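Undergrad: Questions regarding the structure given below will be posed in turn.
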Amino acid sequence: MKNLVIVESPAKAKTIENFLGKDYSVKSCFGHVRDLSPKFLSINVDEGFSPNYEISPDKTKVVKDLTKAAKESETVWLATDEDREGEAISWHLVEALKLDESKTKRITFHEITKTAVTEAITNPRAIDKKLVDAQQARRVLDRLVGYELSPLLWKKIKPALSAGRVQSVAVRLIVEREETIKKFQSSSYYRIIASFEIDENSNATIINTELSKRFDTKEEAIAFLEKCKNSEFKVINTEKNPLKKSPAPPFTTSTLQQEASRKLGFSVSKTMMVAQQLYESGNITYMRTDSLNLSNLAISMAKKEIITQFGEKYVKTRKFTSKIKGAQEAHEAIRPTYLNKPQVKADASQKRLYELIWKRTIASQMSQAELEKTTITIDVSNAKENFVARGEVIKFDGFLKVYLESTDDVKENGIEKGILPPLKINDILFRKNIIAEQKFTNHTPRYSEAALVKKMEELGIGRPSTYAPTISTIQKREYVVKQDKIGEERNYDYISLISNDIEEVQKTEITGQIKSKLFPTDIGKLVNDFLLQYFDDVIDYNFTAKVEKEFDEIAAGKKVWNEMIHEFYGPFHAKIDDTLKNSSKFIGERLLGKDPKTDKNIFVKIGRFGPMVQMGDTDSEEKPRFAGLKNGQSLDTLTLDDALDLFKFPYAIGTFEDEELTVAIGRFGPYVKHNKLFFSLSKTDDPLTITEKRAIEIIEEKRKKEKEKTIKEFKENKNLKVLNGKWGPYISLNKTNYKIPKDKDAASLSLDECLKIVDDAPKKKGKKKYKSTK
DNA sequence: CAGTGAGCGAGCTTCCGCTTGACTT
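Each residue of the first sequence is one higher than the one before, counting from 448 in the working numbering.
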């Protein structure tokens, strides 16, 4: 083969191969092929921070294959992405494949079209070493921060924690949002809404309005209603204003995650998984991008499709440019590969996500929507306040025909905007009813996963390829949890004026009900407090923006990368050493009081396995008693009474089948123990008040489920079972599971066959590996 | 899954960004 072209993604390789013809072989390197070893710091701090790179274990085969292919080629074209990471990937390829510089060429393109690719081939260049240095600075900085801060946390707080430039700021956002919510004081006000009839004798046409003023107290609201009793209501102003709305730009990774979350209820990782499938099946362009750009080819395809479907006047092509800090724009925006395909044949999730992408892309090239806003002001003769009616009429739908972006804002159930009846100044209206409704101010909402991504992108923290992994990391570390919250009932005043009667009633509403929002945990809060106290500069919201600026200077040749690192590392490392030596354990310990029975001190603090209470002093001769906190309890709100309750476990609640039933709280929450077996309580069971009857119910439920799961049992060997699991049938023997070969029918296996499968199964690899990924 | 928590000390944990399978048992 004459030419070897190397790109990052295999799907991209396949597409490009078709553009270039038979003289070119296109292969993929699957992203970075070398990195710092995860086992060590791998940076020679005293030798100019020189990094020790090694071929990543999962890339040895790729490197071997590419080295061979390169040897057999006349020219190697490095076509990795056109950004800092892409440049570094190319440089690492030169090093790892030991490429001969004279036959190596670097090319870039940021859209996968035939023109872009063939043009790139005619404009090769050398590797930009300054840009590579900027990437090395980024890599080394992240490693130093992550691998020096994390061990400090292990020593001062608890093992296996982590900190980093990106994740720690993400946690901070969630912790601080929770603090503002905690501080928030809801206040109430009275909103007045009124409906009027245009004609005294018929109720055919009704106009809904809201008073321009909101009252702070019930008395003021009632006083106003009193005034309305004998008032005349007269139109004193009508106003019509044209309004134009423009479509949102096409999707980037971050906006796709947000809209898929709002419109389809997808988690950030689900969106990425489904998008990956669409990408691999050739239905959409690359899904990890921060670019808003559409290729000319895509725009003309969109134009054609819009004309076919909606007509010429719905077309308005546009080029969007990114306003996001640090956007690197190595790809196109996320769009359908073929815009004349509004749907794809695939599973339900893929179909829905694809349609969303199709609509958003098409809408971005459509005409503005034209609306007319109408405002009618109504005078109240006995009061100085006015009622206002707002209407909105779509004159031309434009892009709204296809797509409207959603928002995260909580909607106040206001007066719906629609067409208003034709009214003139001095028209008299007839009061039908006027209602004063008590309303409450709401705190800022907690972050959803996607809303957090949006915030991170605004701060320039993280990249399209890391948003989803970062969000799963901070959940895996148990710094934050994704939770629902059940709403609470709340009473509110509802005062109506109908005819001449003012009637006051109390109504109830459900408030504060939320789904899948991020809450900080005790550990998350504690780690954040620690970092804030000792390393506030690193978790400053502007830290990334500040270092990004320096990376840019390195790329521009105005700064030397390891000098920049040196300037950061000096004070940073000194602070690490100082904190290590001079600060005490940081475990949020709080004295709650004394146990009334033993007079021993009771504390709450973070232990090796999370939040716990402790009875007795650590330095006393007698070993203290410990107990874990229940789900939903928190380090900073736990009371002495809560703690005393926790020390009641384990306790007996009755007997079942001649065996004692005991309740306790363990590693995985509250459970009932019966005959050496454990049965988890459900979230709605309170371990302090659970009855014998309920415990037995739980045991029988679990037994029933076990039974349903069982496909086959053997009298001869009680330990061996054929079970039905998440990934289909499998064999379970002494708590170890074995895969059933695809050509075997699970239900008809004999005991001997099962034992043969167990014997033939490959021996388990080191257990450590499994634990670390858990 | 499993009922731990001091202290002793071994040996472990950890970052961000670029990419997919292999695999879950």
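Every residue gets a Cβ at the ideal spot worked out from N, C-alpha and C, and that includes glycine. Model, not experiment: these values are computed from the prediction.
Between the C-alpha atoms of K459 and Y471, what's the straight-line distance to the nearest angstrom?
TA: 14 Å
Undergrad: With 16 as the cutoff for other CB atoms within 10 Å, does W805 come out buried or exposed?
TA: buried
Undergrad: For Y1217 and K469, what's the separation of their Cα atoms in angstroms?
TA: With a pLDDT of only 33 at Y1217, under the threshold of 50, the placement of this residue in the model should not be trusted; the figure read from the coordinates follows. If I take the Cα positions, the gap works out to 44 Å.
Undergrad: From the DSSP output, which residues share a beta bridge with W538?
TA: Answer is none; W538 lacks a bridge partner.
Undergrad: Below 8 Å on the Cβ atoms is my contact criterion, and I expect I986 with E925 to pass it. Report the Cβ-Cβ distance as a whole number of Å.
TA: So it is not a contact: roughly 18 Å between Cβ atoms.
Undergrad: Pull up the distance between the alpha-carbon of K577 and that of G1116, whole angstroms please.
TA: Distance from the CA of K577 to the CA of G1116, rounded to the nearest whole angstrom, comes to 53 Å.
Undergrad: Could you name each continuous beta strand (DSSP E) segment of 3 residues or more that falls completely within the stretch 564-591, going from the start of the chain to the end?
TA: none
Undergrad: When the Cα of K954 is compared with those of N938, Q960, L965 and L867, which residue comes out closest?
TA: N938
Undergrad: According to DSSP, simplified to helix, strand and coil, what is A780?
TA: coil
Undergrad: State the DSSP-derived secondary structure class of Q775, mapped to helix, strand or coil.
TA: In this structure, Q775 counts as coil in the three-state DSSP scheme.
Undergrad: In the DSSP assignment, what residue or residues form a beta bridge with A940?
TA: Per the sequence shown, the amino acid found at residue 940 is Asp instead of Ala. The partner list for D940 (beta bridge, DSSP) reads Q953.
Undergrad: Give a yes or no on contact between the stretch 826-837 and the stretch 795-809, applying the rule of three or more CB pairs nearer than 8 Å.
TA: Too few Cβ pairs lie closer than 8 Å, so no.
Undergrad: Can you tell me which of M1059, I731, P1188 and K1165 puts its alpha carbon nearest to the alpha carbon of G1175?
TA: P1188
Undergrad: In terms of residue numbering, what span does the beta strand (DSSP E) encompassing S708 cover?
TA: Taken as a continuous stretch (DSSP letters only), S708 belongs to no beta strand (DSSP E), being part of the alpha helix (DSSP H) at T700 to L711.
Undergrad: Helix or strand or just coil, what does DSSP make of Q724?
TA: helix
Undergrad: Distance, Cα to Cα, S912 vs P1097?
TA: 46 Å
Undergrad: Would you kindly check if the distance between the Cβ of Y894 and the Cβ of L965 is under 8 Å?
TA: yes
Undergrad: Looking at L1039 and A1090, is the spacing between their C-beta atoms short of 8 Å?
TA: yes
Undergrad: Since E529 and T555 should fall inside the 8 Å C-beta cutoff, what is the C-beta to C-beta distance between them, to a whole number of angstroms?
TA: Contact flag correct, Cβ pair sits at about 4 Å.
Undergrad: Output the distance between the C-alpha atoms of E666 and L672, rounded to the nearest integer angstrom.
TA: 10 Å
Undergrad: Under the rule that 16 or more other beta-carbon atoms within 10 Å means buried, what is M448, buried or exposed?
TA: Classification of M448: exposed, given that the 10 Å Cβ count is below 16.
Undergrad: Rounded C-beta distance between I654 and A836? I'm assuming under 8 Å.
TA: 5 Å
Undergrad: Compare the Cα-Cα distances from V827 to each of I841, G773 and K660 and report the closest residue.
TA: K660
Undergrad: Find the nearest neighbour of K561 within the set S742, K603 and L513, judged by alpha-carbon distance.
TA: Measuring from the Cα of K561, the nearest candidate turns out to be S742.
Undergrad: What residue from L1124, C675, K511 and K710 has the CA that sits closest to R799's CA?
TA: K710
Undergrad: Is E1163 buried or exposed, if buried means 16 or more other CB atoms sit within 10 Å of its CB?
TA: exposed
Undergrad: Can you grab the Cα-Cα spacing for the pair R462 / K515, in whole Å?
TA: The sequence given here places Thr at residue 462; Arg does not occur at that position. Between T462 and K515, the C-alpha separation is close to 22 Å.
Undergrad: Using only the alpha-carbon positions, how far apart do F680 and I881 sit?
TA: 12 Å
Undergrad: Would you decide whether T718 is buried or exposed? Buried here means 16 or more other CB atoms lie within 10 Å of its CB.
TA: buried
Undergrad: Using the rule of at least 16 other Cβ atoms within 10 Å of the residue's Cβ for burial, across every protein chain shown, is T656 buried or exposed?
TA: buried
Undergrad: Taking one C-beta from the stretch 487-504 and one from the stretch 729-737 each time, how about it: are there three or more such pairs within less than 8 Å?
TA: no
Undergrad: K518: which of P504, D984, L546 and K1152 sits nearest, CA to CA?
TA: L546
Undergrad: With P1176 as the anchor, note down where its alpha helix (DSSP H) starts and where it stops.
TA: No alpha helix (DSSP H) holds P1176; the beta strand (DSSP E) holding it covers G1175 to L1180.
Undergrad: Just list the residues that DSSP pairs W524 with in beta bridges.
TA: V452 and K552
Undergrad: In the structure shown, what three-state DSSP assignment does S919 receive?
TA: The three-state reading of DSSP puts S919 in helix, counting H, G and I together.
Undergrad: Taking contact to mean 3 or more Cβ pairs, one atom from each stretch, closer than 8 Å, check whether the stretch 862-879 and the stretch 618-628 are in contact.
TA: no
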